[in-house]
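Here is the structure we will look at, set down as structure tokens.
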Amino acid sequence: MKKKYFWLLFLNLAFGLSCFSQIIMKGKVTDSLQTPLPYANVIAQPLDSLKKMTFSVANEQGLYRLELEQIPYTVSISFMGYKTHSFNINPTENKEEIIVLKEQPNALDEVVIELPVTIRQDTITYKVDKFITGDERKLKNVLAKLPGVEVEKDGTVRVQGKKITTLLVENKKFFDGQTKLAVDNIPADVVYEVEVIENYSEIAFLKNLVDGNETAMNIKLKENKKNFVFGDFEAGKGNKKFYRGHGNLFYYSPKTNINAIGNLNNTAEQVFTYKQYFDFQGGASSLFNKGSTTFDLTNNDLLQFIERDDVVSSNRQFGAINITQEVSNTLNVSAYGIFSKTKENTLNQQVNQYNNAFTEHKALASQTNNVFGIGNLHINYVPNLKSQWLFKTQVKRTNNHYNNTIDSEIAESHNTFMERRTVESSFFNQNIEWHRRQSKAHTFSFAANYTFNETRPNTQWSTTDDILYGLVPIVEDSLYIINQSKSTKTNDFDILFKHYWVINRFNHIYTTVRNTFLNHSFHTKDSQKLSNGMTNDFAPSDFGNLLDFRLNDFYLGINYKFKTGKFAFDQGAFLHHYHWKLDQNSASQNSKWVLLPNSSTELDFSQTQKLKLDYELNASFPGAAHFANRYYLNAYNSVYKGNDNLENELFHSLNLRYNRLSTYKGLRFYANVRFIQKVKGFENAINYEGINQYIMPILLNNAQSTWNIYGKIQKKIKRIDYSLGVNSGYSEYLQQLNDLLNTNYTSNVSYDLSMKTLFDDFPTIEVGFRQSFGHYNLNRNRSRFITSEPFINFDYDFLKGFITSFDYAAFFYKNKTSKQSSTYDLANASIYYKNENSAWSYKLEVNNLFDAQYKSHNNLSSYIVSDSRTYIFSRTIMFSIGYNL
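Numbering follows numbering that gives the first Met the number 0, in which position 659 of the sequence shown is assigned residue number 658; successive positions increment by one, without gaps.
Structure representation (structure tokens):
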């Protein structure tokens, strides 16, 4: 009951704040002939410097709208090529004002005005000091206050729903353009301007030729932060021997940039994750991705080492340095190194429904120890305005240890298994690119790429209970110890040539010639170590793989791009010839031709309203392990056997995207619809008895179809920002279980509704509600889940130097099928102090304020629905002292 009144109080508070009296000034901006001036900037600057300015960008009809207080303002209206018009007002009631600007084509004074948001073609520029309030500490806090920009917990940044793929600082990549290290470490007070650049290309003269999916964000620094060392250091001590140490050091000059980051903590703070280790891949520029075949190189032996969001104990060490040096006007060299060491313990309890055939109660306690390093060298050579060379070298090395204790209970059967795994992996990539603009009509690109990757996992399973009964030739013993050694090695070479022919401004033809050669080896050996010292080798029972897989993909592609009116079309096709060889217990080879068409249609209603439809027919090949035709152990309860009759997958991909930004109406809206239909697709055929499973991949026609719809609308009404986001996914797929082919259905729908205060002299309060629904139909057995989450976020700066923050969420989880439910509360609070004239800062923070023990959620694999309870990190109370350079 107390929680109910608590939420009603905040909802009433938010509603009351939205009713604060405000004065609306609106009208139209035209020239002397009464022609509307679209995207003119209208700025109202308070005469009181302590008050915050307000602004509006006129829409396509020249209409503008300002929300003002009852204080004096200077209103300035500007438009490129016209004289800036300014006047003073002291509003007391709503009014309409038609503003006429006089032409001044030779004047450049207009560009001196610092506009809050400017939109020019495919670039949006934000002046951040127009949006921040002073309580921001890192770049992520700044970005979160820019209209249309979102920062997710994992460091992903999205603008109007589109992911930022490259992050730049002063036009140079920050640690290879990854966003997490930047948003978590760049201080907020050094940022002057943020640019969002669509269709970004590292090669300047290719920008208007290729419409890629790259979107870059360029962080521009304040002038007093250039040619100057800046950064911050922080050390903290908490309860239960918790500690945290963090440091950033930055130096930017016209020719030299240096970034250094270090972190030590045992509070489960994620600085750089194992998932990001995978994301830091070498290879050719993404502008060559169109028309290429994808290859399933997923390394399941490494995926289990990815850090969990929720752990019960953690110890992390991290260090990174990035250096960029402009050697000359033609040569730029950059390099970075990253090191990470992580130890974690996790605990998870599950209730697994195996298609309702039986129920398993399972507990997993794991310990991971990850060590990895990444080194990268990037050379950019521009001998003249028409040519550019890129040389990229990357090395990665990782060494991981994993211990897992598994308790499994089915009916009266109770089993305990121990799993120990060590994995060493090495990665090397060398990429060379050459680009030349021969003339206005002809531009050429050439790329050569080589990749080496080797992974060597060794696994041991041990138990006193029956293990893999009927699946492996086990010899009865008092203690069952099963060992597996595995090796996966890849050598891939890729070469590409591309020609861009600009017939005229509205007609382009692009041709591509490319060849990709893959040479993969896959070796496994499984055996049982007996208590008498002998070894029971499983090889005579069709275990053990010695496979070499080679595939050559040669293809030709052509695309015709043309523009008419507000429409832009890009139509093309890629003709692939695949030739692959398998050499295992016997040799075989196959070849085939595949035609992969693609098309793109874009409608630009205006600079702030766009609609784009993309379609591709894609092909994908499985990795070598999928072809291995002898058995190998996949887990403590499953045996895997590949299928040497597999071929490529084939699937249609359709993507529809719409976005609109209107400062006149205070509206931001974007939506994305994605559909994938597998014409031919891989699915695992599974036979199981109890928890023991035999798995084999098969190729099925019309194997799967998937829909995903995501959209968000934000509306500013007076000084309250309202937001509604919806995410809906639906999947239908075939699956073979115990030799029976079934059609399964899954659907997930979630929405979040929130309102956020935007007052100058009032706390920033966000109150909202999230809810998600999961509905799974596996083999005609249904499971339904609901999670509800009301939440509050609170930020307030007060008394010239104090900043307090608080976030709270209540979770209500329900399994509607089993009638099980649980509730828990998560909250964090902090108070921060820094005197404006001092370099020292102090912070007291509490995480997991109510000391919640676990989270409840549901999971879905291809044939198992899990009701899970994941234990989380205990409450931490930390006092930190910081120093800003």
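Cβ coordinates follow ideal geometry from the N, Cα and C atoms, glycine included.
Predicted model, so just to flag it, every value in this text is computed and none were measured.
The three-state secondary structure of glycine 235, taken from DSSP, is strand. Counting C-beta atoms within 10 angstroms of its own C-beta, histidine 507 has 16 or more neighbours from the protein chains shown and is therefore classed as buried. Under the 10 Å beta carbon count, valine 310 is surrounded by 16 or more other beta carbons and is classified as buried. In the three-state reduction of the DSSP assignment, phenylalanine 537 falls in the coil class.
If you look at leucine 645, you'll find it isn't in any alpha helix (DSSP H); DSSP assigns it neither H nor E. Remark: C-beta atoms of histidine 377 and valine 332 approach each other more closely than 9 Å. A Cβ-Cβ separation of about 7 Å places serine 590 in contact with histidine 576 under the 8 Å criterion. Counting C-beta pairs with one atom in each stretch, the region 174–190 and the region 422–433 have fewer than three that are closer than 8 Å, which means they do not touch. In terms of Cβ geometry, glutamine 103 and lysine 129 do not form a close pair [threshold 9 Å]. In this structure, alanine 57 and valine 41 form a Cβ contact; the two beta carbons are roughly 7 Å apart against a cut-off of 8 Å. In the three-state DSSP reduction, valine 471 falls in the coil class, being neither helix nor strand.
Note: alanine 446 is bridge-paired with Glu432 and Leu495 in the DSSP secondary-structure output. Looking at Gln269, Ile118, Lys239 and Gln159, the one whose alpha-carbon comes closest to that of valine 182 is Gln269. Judged by DSSP secondary structure, alanine 181 falls within the alpha helix (DSSP H) whose first and last residues are 179–184. Secondary structure in the region 101–160: the alpha helix (DSSP H) runs of 4 residues or longer, each lying completely within the stretch, are 138–142 in chain order. Using a C-beta cut-off of 8 Å, the region 393–408 makes contact with the region 361–372, since at least three inter-stretch Cβ pairs fall below that distance. DSSP places histidine 578 in the uninterrupted beta strand (DSSP E) bounded by 566–582. When beta bridges are read from the DSSP output, lysine 221 appears opposite no residue.
Exposure of histidine 441 is indicated by the presence of fewer than 16 other C-beta atoms within 10 angstroms of its C-beta.
Your pair asparagine 258 and arginine 315 does not check out as a contact, with CB atoms roughly 19 Å apart and the cut at 8 Å.
Among the bridge pairs identified by DSSP, proline 456 is matched with Val422. DSSP, read as helix, strand or coil, puts lysine 274 in helix. Non-local C-beta neighbours of leucine 848 in its own chain, meaning closer than 7 Å and more than five positions away in sequence, comprise Ala826, Asn827, Ala828 and Arg874, ordered along the chain. In this structure, alanine 634 keeps its C-beta atom at 9 Å or more from the C-beta atom of threonine 487. Under the three-state reduction of DSSP, alanine 702 is assigned to strand. When secondary structure is reduced to three states using DSSP, lysine 560 falls in the strand class.
Here leucine 660 really is in contact with threonine 607; their C-beta atoms are around 4 Å apart, less than 8 Å. Counting only runs that start and end inside the region 57–96, the beta strand (DSSP E) elements of at least 3 residues fall at 62–67, 72–77 and 84–88.
About 6 Å separates the beta carbons of glutamate 646 and leucine 698, which is inside the 8 Å limit, making them a contact pair.
Around the beta carbon of asparagine 430, a 10 Å sphere encloses 16 or more other beta carbons of the protein chains shown; the residue is thus reported as buried.
The way I'd put it, the region 811–827 doesn't touch the region 199–216; fewer than three beta-carbon pairs between them come closer than 8 Å. The residue from Phe445, Tyr823, Gln852 and Leu733 with its alpha-carbon nearest to that of asparagine 701 is Leu733.
Per DSSP, methionine 52 lies in no beta strand (DSSP E) segment and is marked neither H nor E. Taking all protein chains in view, the Cβ of isoleucine 466 is crowded by 16 or more other Cβ atoms within 10 Å, so the residue is classified as buried. Per DSSP, glutamate 688 is one residue of the beta strand (DSSP E) stretching across 666–688. An exposed status is given to methionine 533, since fewer than 16 other beta-carbon atoms sit within 10 Å of its beta-carbon.
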